[in-house]
Structure formats: C-alpha cells, structure tokens
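Undergrad:
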Amino acid sequence: MSIFVTGDVHGVAEYGASRFSSRVWPLGRTLTRDDVMIVAGDFGFIWSGSNTDKYWLDWFESKPWTTCFVDGNHENYHLLAGLPIREWNGGLVHEARPHVLHLMRGEVFDIAGNTVLAMGGAASHDKQWRREGKTWWPEEMPSESEMEYCRASLDRVGWKVDYVVTHEAPVDLADELCMECNREFYDDSLQAFLGELDGRLDYRTWFFGHYHDDEWRDDKHRLIYQDIVPIEARCTDE
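Quick note, in my numbering, the sequence shown goes up one by one and the last residue is 280.
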C-alpha cells in the first residue's frame with residue numbers, strides 16, 4: 043500500500059493526464075486500488091460537466107490505483123459541490139468516481155497507516171481574465187467556517203499528522219515564491235491560516251502546488267508540480 047503525491051494537472055488545458063500514462067509512469071502499472079495518488083490541487087477534470095470531463099474521469103477510474111485530489115483555484119466549485127459525499131479512510135470526500143475522490147477541506151485521513159491533512163483552496167492571480175461561474179469561482183478561497191473546521195479536525199488528533207497536502211503555501215513561503223515568479227503577493231486569509239498551521243502543527247512533510255515548480259523549499263516543505271513522488275520522500279532522497 044503506497045501513497046504518491048503530484049502537483050497541478052489542470053485538466054485538458056495542459057494535457058495533464060499524460061504524466062499518469064503507462065509510457066511516462068510505468069510504475070503505475072504495478073499498483074492496486076489500495077495505492078493512492080494525491081494531486082495537490084488544480085485537478086481540473088471536473089470542469090464543464092461535458093463528455094470530455096466524463097471521458098477523463100472514466101480514464102482515471104480505469105487506472106489500477108485510487109486518485110485523490112485537494113481542490114485548487116482552478117476547479118469548478120459548483121460541480122464539486124454537487125457530487126455525492128461519503129466517508130473514506132476516516133474523512134469526507136466528494137466521489138467523482140468510486141476511485142476518483144476529492145479530499146474535502148480540513149479533513150484528516152488515515153491512509154496506509156499515515157495521517158494526512160487535506161486543505162484545498164488558493165486565490166487566482168488571473169481572475170481578472172476569467173468569468174465568474176464559468177472559469178472562476180469565489181469558493182476557491184476557504185471560508186472562516188472551513189478554516190475553523192480544519193482547526194477542530196486537528197484538535198481531535200492533537201495537532202499531529204504525518205503529512206499535509208495543500209494547494210497554497212504557508213504565508214512566508216508564499217511571499218518568497220510570489221517574489222521569485224513575479225506574481226502579486228496577496229497576503230490573504232488562507233496564506234495566513236496555513237502559516238498558523240505551519241507554526242502549530244507537528245508533521246513530517248508538507249506538500250503544496252500552485253507555484254508550478256518541483257523543489258524542496260527546505261527539509262519539510264515540498265513544492266510539487268510535474269514530479270510524482272512517494273509521500274515518504276525526504277529532502278535528502280532527491
């Protein structure tokens with residue numbers, strides 16, 4: 043039973059599914075339903091409700107592993123909210139397919155003996171070029187109640203988990219990364235909240251996407267994009 047993490051896929055916009063093909067990632071052929079792939083936001087295949095969405099969701103369902111994702115800022119939140127909710131490995135998920143699951147915000151999952159906190163969301167830096175309800179949704183930013191729910195989940199586990207998977211980065215890292223990639227730094231409520239978690243939470247590794255690069259920012263924070271890595275990977279392993 044293994045857990046892997048990868049970054050933004052962006053649906054058909056970037057042919058993101060290609061990284062999971064047997065040609066590109068032959069290890070995938072050896073996996074089972076007990077093995078889990080976690081996408082750190084911007085999955086993007088629940089986008090328009092079209093036959094294209096259905097084709098790709100069926101394609102992921104045909105893979106031997108279970109695909110999970112936290113939400114990013116490029117998701118259709120109205121379609122996500124309409125999916126059935128069920129419990130999976132100790133937390134709540136939206137079920138797009140039996141083995142294609144959205145890890146809901148603030149849930150702590152017990153996967154293969156590892157506790158994983160999932161907290162999606164991020165502010166779009168390009169929303170001025172997008173249309174609300176068509177290509178952008180205000181629900182991309184977690185509400186105060188969702189952040190409080192996350193705190194309550196962590197209270198139940200004593201503020202200790204093995205791994206954290208988010209889309210956005212904690213505030214200090216977000217500030218650094220925005221400067222490096224010439225993005226506006228919003229210093230927003232989610233970045234501040236993740237900074238709060240980073241200061242209080244006992245964890246091994248924090249994986250996050252959104253900034254479209256693959257690198258360890260330090261020995262506990264892994265920015266993930268196109269790489270597919272075992273969740274137990276450490277800075278010294280890569």
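Here a beta-carbon is modelled for each residue, glycine too, at the ideal position from N, C-alpha and C.
Can you check whether the C-beta of residue 55 is within less than 9 Å of a C-beta belonging to chain B?
TA: Here chain B cannot be found, since the structure has a single protein chain.
Undergrad: Closest to residue 233 by CA distance: which of 241, 242, 224 and 214 is it?
TA: Here residue 233 corresponds to residue number 191 of the sequence shown, with the count starting at 1. Residue 233 has its Cα closest to that of 214, out of 241, 242, 224 and 214.
Undergrad: State the CB to CB distance for the pair residue 111 and residue 153, rounded to an integer number of angstroms; the pair is presumed to be in contact (CB under 8 Å).
TA: As a working mapping, residue 111 is identified with position 69 in the sequence shown. As a working mapping, residue 153 is identified with position 111 in the sequence shown. The pair is not a contact, with the Cβ atoms about 14 Å apart (cut-off 8 Å).
Undergrad: Are residue 246 and residue 197 closer than 9 Å when you measure CB to CB?
TA: For the purposes of this step, residue 246 is identified with residue 204 of the sequence shown, where counting begins at 1. For the purposes of this step, residue 197 is identified with residue 155 of the sequence shown, where counting begins at 1. Cβ atoms of residue 246 and residue 197: not closer than 9 Å.
Undergrad: Leaving out five residues before and five after residue 199 in sequence, what residues of the same chain have Cβ atoms less than 8 Å from its Cβ?
TA: Here the question's residue 199 lines up with position 157 in the sequence shown. Closer than 8 Å at the Cβ level, and outside the excluded window around residue 199, lie 150 and 157.
Undergrad: Check for me: the beta strand (DSSP E) holding residue 227 runs from which residue to which?
TA: Within the sequence shown, the letter at position 185 stands for residue 227. It is not in any beta strand (DSSP E) - residue 227 carries neither H nor E in the DSSP assignment.
Undergrad: Residue 193 to residue 250, Cα distance in whole Å?
TA: Position 151 of the sequence shown, counted from the start, is the residue given in the question as residue 193. Position 208 of the sequence shown, counted from the start, is the residue given in the question as residue 250. In a straight line, the C-alpha of residue 193 is about 19 Å away from that of residue 250.
Undergrad: Alpha carbon to alpha carbon, how far is residue 216 from residue 223? Give it in angstroms, no decimals.
TA: Numbered from its first residue, the sequence shown carries residue 223 at position 181. Numbered from its first residue, the sequence shown carries residue 216 at position 174. So the two alpha carbons sit approximately 10 Å from each other.
Undergrad: So residue 48 packs on residue 77, CB below 8 Å; how close in whole Å?
TA: The sequence position of residue 48 within the sequence shown is 6, counting from 1. The sequence position of residue 77 within the sequence shown is 35, counting from 1. Rounded, the Cβ-Cβ distance is 13 Å, inconsistent with contact.
Undergrad: For residue 84, which residues in the same chain have their Cβ closer than 6 Å to its Cβ, ignoring the five residues on either side in sequence?
TA: Within the sequence shown, numbered from 1, the residue matching residue 84 stands at position 42. The answer, listed in chain order, is 50, 52, 114 and 116.
Undergrad: Quick one: grab the DSSP three-state call for residue 278.
TA: Position 236 of the sequence shown, counting from 1, holds the residue named residue 278. The answer is helix: DSSP assigns residue 278 an H, G or I state.
Undergrad: Any idea what DSSP makes of residue 89, helix, strand or coil?
TA: As a position in the sequence shown, residue 89 is number 47, starting the count at 1. Three-state DSSP puts residue 89 in coil, outside helix and strand.
Undergrad: Kindly provide the ranges of any beta strand (DSSP E) runs that are 3 or more residues long and lie completely inside the segment 123-211, ordered along the chain.
TA: Within the segment 123-211, the complete beta strand (DSSP E) runs of at least 3 residues are 127-130, 133-139, 142-145, 149-153, 156-161 and 205-208.
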